[in-house]
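A.B. asks: Questions regarding the structure given below will be posed in turn.
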Amino acid sequence: MIDTPMMRVLGRFLDVNSFRHTLIVSNMANIDTPGYRTRDVNFAAELRRVTGVAEYAAFTPSSVQVQGLLERPDRNNVSLEREGLLLAETQLRYRIGIELLRSEFRKLSVAINEGK
Amino acid sequence: MNLFGVLEVSASAMIAERSRAEVVTSNMANLETTRTASGGPYQRQLVVFRSYRMPQFPLMLAGLRSNSAQSVRVDQVMADRTPPVRRYEPGHPDADREGYVSYPAINPVEEMTDLLGAVRAYELNASAVQASKNMIQQAIEILR
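Right, dumping it as structure tokens:
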């Protein structure tokens, strides 16, 4: 298979980001659900774990409840500002991952074409 | 991870918020209704949401069991048990023997804020759909 270690790392980086996106969207969907607790992925730790392993290790998603958020009387603690900000941030991170991955593929293609 | 499943989560929230808006609108419309099919004045309806885990077909195919994405649905529409408001209107055809008419206990301001909340939550989820669509689009760009 033609891939570089960089591609593998980027793939996992995208995995973590899209998983986080799933959680953010799920939080947003449940903004009016009584008793719902905000969930998130421990981003820094997850990224460190996932990019640290050299071999093909699949990303196993795990989410945690976010602590220290303001709770409403119906025990729901989804913060619109937090989720909105994270949504934008995650999108940008995802974009970075995609662009880097594309540049990796471009490099490969240059290597192939220059060899002709 | 599946980005298409995320769209379903947002869609479920949009459906739930819309039914909430519908119920609130019907409360506002029946502010002065004194006759209903079950007899007596109209009763204010309340929507209760519940989160649930949607079984996602693509995830099952891939052998992944993602238990993190939580969709939302309308769990029940229940009647507000506040007793009706009695107003003295002896000329009204629905007045009781003492001349009082029972009107539904609905506060228009409360309903209006509830409606605004539903609309804003709907918009929020619509923008989440937009964000998910962008990410899918970008993933497709790798192929170009």
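From first to last, the protein sequence lines stand for chains A and B.
Counted from 1, the first sequence has number 70 at position 70 by this note's numbering; the numbering is strictly sequential.
Counted from 1, the second sequence has number 207 at position 91 by this note's numbering; the numbering is strictly sequential.
In this text, a Cβ means the ideal position worked out from N, Cα and C, and glycines have one as well.
If you're wondering where the values come from, they're calculated on a predicted model, not measured in any experiment.
Determine the burial state of E114/A: buried for a count of at least 16 other Cβ atoms within 10 Å of its Cβ, exposed for fewer.
C.D. replies: For the purposes of this step, residue 114/A is taken as residue 114 along the first sequence, with counting starting at 1. E114/A should be labelled exposed.
A.B. asks: Can you find a CB in chain A that lies within less than 7 Å of the CB of S142/B?
C.D. replies: Counted from its first residue, the second sequence places residue 142/B at position 26. So, not an interface residue.
A.B. asks: Could you check the C-alpha separation between S135/B and P157/B for me, to the nearest Å?
C.D. replies: Against the second sequence, residue 135/B aligns to sequence position 19. Against the second sequence, residue 157/B aligns to sequence position 41. Going from the Cα of S135/B to the Cα of P157/B covers about 22 Å.
A.B. asks: Compare the C-alpha of M144/B against each of M228/B, V163/B, G215/B and name the closest.
C.D. replies: Position 28 of the second sequence holds residue 144/B. Per the Cα distances, M228/B.
A.B. asks: Listing by chain order, which chain A residues have their CB less than 8 Å from the CB of I258/B?
C.D. replies: As a working note, residue 258/B is residue 142 in the second sequence. Chain A residues near I258/B: I98, L101, R102, F105.
A.B. asks: Within 10 angstroms of its Cβ, does D32/A collect 16 or more other Cβ (buried), or is it exposed?
C.D. replies: Position 32 of the first sequence, counted from the first residue, corresponds to residue 32/A. Buried, because 16 or more other Cβ atoms sit within 10 Å of the Cβ of D32/A.
A.B. asks: When we look at the beta-carbon of M194/B and count the other beta-carbons within 10 Å, is it buried (16 or more) or exposed?
C.D. replies: One-based indexing of the second sequence puts residue 194/B at position 78. Exposed: under 16 other Cβ atoms inside 10 Å.
A.B. asks: Evaluate G215/B with the Cβ neighbour count: other Cβ atoms within 10 Å of its Cβ, from every protein chain shown; 16 or more gives buried, anything less gives exposed.
C.D. replies: Numbered from 1 along the second sequence, position 99 holds the residue referred to as residue 215/B. With fewer than 16 other Cβ atoms within 10 Å, it is exposed.
A.B. asks: Please confirm if V25/A has its CB atom under 7 Å from at least one CB of chain B.
C.D. replies: Here residue 25/A is taken as the residue at index 25 of the first sequence, counted from 1. With 7 Å as the cut-off, V25/A counts as an interface residue toward chain B.
A.B. asks: Does DSSP classify Q186/B as helix, strand or coil?
C.D. replies: For the purposes of this step, residue 186/B is taken as the residue at position 70 of the second sequence. Three-state result, Q186/B: coil.
A.B. asks: By how many angstroms is the C-alpha of S126/B removed from the C-alpha of M89/B?
C.D. replies: Outside the modelled stretch of chain B, which goes from 117 to 260, sits residue 89/B, for which no answer is possible.
A.B. asks: In terms of alpha-carbon separation, which member of A247/B, L240/B, I258/B, I256/B lies closest to M28/A?
C.D. replies: Here residue 28/A corresponds to residue number 28 of the first sequence, with the count starting at 1. Measuring from the Cα of M28/A, the nearest candidate turns out to be L240/B.
A.B. asks: Using a Cβ cut-off of 9 Å, which residues of the region 80-91 of chain A contact any Cβ in chain B, in chain order?
C.D. replies: So the list reads L80, E83, G84, L87, A88, T90, Q91, given in the order they occur along the chain.
A.B. asks: Could you check the C-alpha separation between G35/A and K249/B for me, to the nearest Å?
C.D. replies: One-based indexing of the first sequence puts residue 35/A at position 35. One-based indexing of the second sequence puts residue 249/B at position 133. Using only the alpha carbons, I get a separation of about 29 Å.
A.B. asks: Measuring CB atoms only, is the region 96-106 of chain A touching the region 200-219 of chain B, in the sense that at least three cross pairs come out at less than 8 Å?
C.D. replies: No contact exists between the region 96-106 of chain A and the region 200-219 of chain B.
A.B. asks: Can you list, in chain order, the residues of its chain whose CB lies under 6 Å from that of P66/A, leaving out five sequence neighbours each side?
C.D. replies: As a first step, residue 66/A must be located in the first sequence, where it is residue number 66. Per the sequence shown, residue 66/A should be read as Val rather than Pro. Excluding positions up to five away in sequence, the list reads T38, D40.
A.B. asks: Where are the beta strand (DSSP E) runs, 3 residues long or more, that stay fully inside the region 189-252 of chain B, in chain order?
C.D. replies: DSSP runs (the beta strand (DSSP E)) wholly in the region 189-252 of chain B: 201-204, 216-219.
A.B. asks: Listing by chain order, which chain A residues have their CB less than 7 Å from the CB of R275/B?
C.D. replies: Limits of chain B in this structure are 117 at one end and 260 at the other, which puts residue 275/B out of reach.
A.B. asks: How far does the alpha helix (DSSP H) with V50/A in it extend, from its first residue to its last?
C.D. replies: The residue given as residue 50/A occupies position 50 in the first sequence. Start and end: 43-52.
A.B. asks: Taking C-alpha atoms, which residue in A242/B, R189/B, L162/B, V164/B lies nearest to M170/B?
C.D. replies: In the second sequence, the residue the question calls residue 170/B occupies position 54. Considering only alpha carbons, the answer is R189/B.
A.B. asks: Can you check which of these residues, D15/A, D3/A, R75/A, N42/A, is closest to I123/A by C-alpha distance?
C.D. replies: Given that chain A is displayed from residue 1 to residue 116, the structure contains no residue 123/A and the question cannot be resolved.
A.B. asks: On a Cα-Cα basis, can you pick out the residue from G11/A, I24/A, L85/A that is closest to L47/A?
C.D. replies: In the first sequence, counting from the first residue as 1, residue 47/A sits at position 47. Closest option to L47/A, Cα to Cα, is G11/A.
A.B. asks: Of all the CB atoms in chain B, is at least one closer than 7 Å to the CB of R12/A?
C.D. replies: What you label residue 12/A is simply residue 12 of the first sequence in a count that begins at 1. By this cut-off, R12/A is not an interface position.
A.B. asks: Hey, is T60/A's beta-carbon within less than 7 Å of any beta-carbon in chain B?
C.D. replies: Against the first sequence, residue 60/A aligns to sequence position 60. So, not an interface residue.
A.B. asks: If Y219/B sits next to V235/B, beta carbons under 8 Å apart, how far is it from one beta carbon to the other, in whole angstroms?
C.D. replies: Residue numbering aside, residue 219/B sits at position 103 when the second sequence is read from its first letter. Residue numbering aside, residue 235/B sits at position 119 when the second sequence is read from its first letter. So it is not a contact: roughly 27 Å between Cβ atoms.
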